[in-house]
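Numbering-wise (our numbering), the sequence shown opens with residue 30 and increments by one.
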Amino acid sequence: MESRSLVPQTPSLKLPIANLRSVFRPNDVERKLAKLPARDHEMLRATYERMLERGPERFQVKPSGIPDMEALYEQLPNFADALDDVKRHVALSQDASDGIEITPMLLLGPPGIGKTHFARQLAELLGTGMSLVPMSSMTAGWLLSGASSQWKGSKPGKVFEAIVDGQYANPVIVVDEIDKASADAQYDPLGALYGLLEHDTAHAFMDEFAEVAIDASQVIWIMTANDERCIPEPILNRMNVFEIDAPSLDQARAIARNLYKGIRGEHGWGRRFDDEPADDVLDCLAELAPREMRRALMTGFGNARLAHRETILAEDLPSCGKGKSKIGFLN
């Protein structure tokens, strides 16, 4: 499928270099639409008409240079190896018309250490969209690849939605908790991934609802898991596996400090509070898993405001981490 270069003018696109890449062939859609019975398959007809109305071209974005990732290394100190891998792939895409081709990655580690947050930050860094597919709630493979239009209530899958209904040819798609995918004898939730994770076969991914070839070869895949033993070996072999350790105490304090400063800077009311959090506040926050730090800080900011203070005290935080999911610090 074709692509052509341009510089996107939309303010929401933070990265200046992009291609317009065709993600399907309109002729294929027109043929499918022409064959539909006059009164049946209303949703499928609407899908084809929407595809033709929007056209096949989507943005394929990449940085104009190797971006400054220092802030990401500070926010996600325990993801350094994964960030290094991203930086290498970005470097390869420079000074050429090639898009970013990032090997699918598996982030392996305990719950709550920031795996999904990493994926969101990566999408922001690359300037593309992100779709989250929670595998723990999956009961059938069609959630990724779509269900046949012959079934009542069927619709396209998450890959089709991310590419055809989205803005980007190279979205970040996060398959969250892939190790918790449930399967039965009839459906394999991971079945579609065997082809999607292979660059060559992903060029002509067939959604079972639309039955039109979609170019999914540019998708940036991120899987998260707690236990790799539950993931089929052929899937593991298609990915770079990064074991994400719990942050050390110093790293956890740094994460908490960055979150404090980030929240303060994101809100107009933030200027009412101290530039830096107190040491005992950082100690309390460091006991929490990173995903819980933000909630605790928002509670702390609110309690301090109610008390007419510019400083968050440890007592403003909910139970100072007691009774919450704590991270296991590394020595």
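Virtual Cβ for every residue (Gly too), placed ideally from N, Cα, C.
By how many angstroms is the C-alpha of residue j removed from the C-alpha of residue i?
| i | j | result |
| --- | --- | --- |
| Cys349 | Thr340 | 16 Å |
| Arg83 | Arg50 | 13 Å |
| Leu222 | Glu99 | 33 Å |
| Asn48 | Gly158 | 15 Å |
| Gly299 | Glu305 | 11 Å |
| Glu262 | Arg334 | 52 Å |
| Ala307 | Leu342 | 7 Å |
| Leu311 | Ala281 | 8 Å |
| Lys187 | Asp69 | 24 Å |
| Gly175 | Asp97 | 38 Å |
| Pro347 | Arg324 | 9 Å |
| Arg60 | Glu257 | 43 Å |
| Pro140 | Phe108 | 14 Å |
| Gln196 | Met134 | 23 Å |
| Asp303 | Gly331 | 14 Å |
| Asp309 | Leu161 | 35 Å |
| Ile260 | Leu225 | 16 Å |
| Leu62 | Arg79 | 11 Å |
| Ile202 | Leu219 | 14 Å |
| Gln247 | Pro200 | 8 Å |
| Pro55 | Glu295 | 43 Å |
| Arg301 | Leu154 | 29 Å |
| Arg293 | Gly329 | 12 Å |
| Met235 | Leu173 | 11 Å |
| Pro368 | Ser177 | The chain is shown from 30 up to 360; residue 368 falls before or after that span and cannot be answered. |
| Ile46 | Ser93 | 6 Å |
| Asp345 | Glu190 | 42 Å |
| Arg338 | Pro163 | 40 Å |
| Asp229 | Gly297 | 48 Å |
Which partner residues of residue i appear in the DSSP bridge assignment?
| i | result |
| --- | --- |
| Pro139 | Looking at the DSSP assignment, Pro139 forms no beta bridge with any residue, so it has no partner. |
| Phe271 | Leu136 |
| Trp11 | No information on residue 11 is available, as it lies outside the stretch 30 to 360 that the chain covers here. |
| Ala242 | Met235 |
| Arg87 | Arg50 |
| Pro163 | Asp205 |
| Tyr197 | Phe88 |
Assuming residue i and residue j form a contact by the criterion Cβ under 8 Å, report the distance between their Cβ atoms to the nearest whole angstrom.
| i | j | result |
| --- | --- | --- |
| Cys65 | Arg74 | Here residue 65 is Leu; the residue named in the question, Cys, does not match the sequence. With a Cβ gap of about 6 Å, Leu65 and Arg74 count as contacting. |
| Phe271 | Ala125 | The Cβ separation is near 26 Å, so there is no contact. |
| Val241 | Val58 | 6 Å |
| Glu206 | Ser165 | 5 Å |
| Leu101 | Gly143 | Not really, about 11 Å apart at Cβ, beyond 8 Å. |
| Thr76 | Ala239 | 6 Å |
| Val115 | Ile95 | Going by Cβ atoms, the distance from Val115 to Ile95 rounds to 10 Å, so no, they are not a contact pair. |
When you compare the CB positions of residue i and residue j, do they come within less than 8 Å of one another, or not?
| i | j | result |
| --- | --- | --- |
| Asp208 | Ala254 | yes |
| Ile249 | Gly138 | no |
| Asn287 | Glu86 | no |
| Gly128 | Lys91 | yes |
| Ala210 | Ala231 | no |
| Leu136 | Ile251 | yes |
| Gln89 | Ala198 | yes |
| Thr145 | Asn269 | no |
| Lys184 | Met327 | no |
| Val204 | Ile243 | no |
| Trp171 | Glu130 | no |
| Ala315 | Leu278 | yes |
Heavy atom of the ligand HEM less than 7 Å from the Cβ of residue i, yes or no?
| i | result |
| --- | --- |
| Glu321 | In the structure on display, the ligand HEM does not appear, and there are no ligands present to speak of. |
When the cut-off is 8 Å and only beta carbons count, does residue i lie next to chain C?
| i | result |
| --- | --- |
| Arg323 | Absent from the structure is chain C; it holds one protein chain and no more. |
Is the region 146-166 in contact with the region 278-295, if contact means three or more CB pairs nearer than 8 Å? No contact exists between the region 146-166 and the region 278-295.
May I ask you to verify whether the region 318-329 touches the region 288-297, counting CB pairs closer than 8 Å and requiring at least 3? Output reads yes: the region 288-297 touches the region 318-329.
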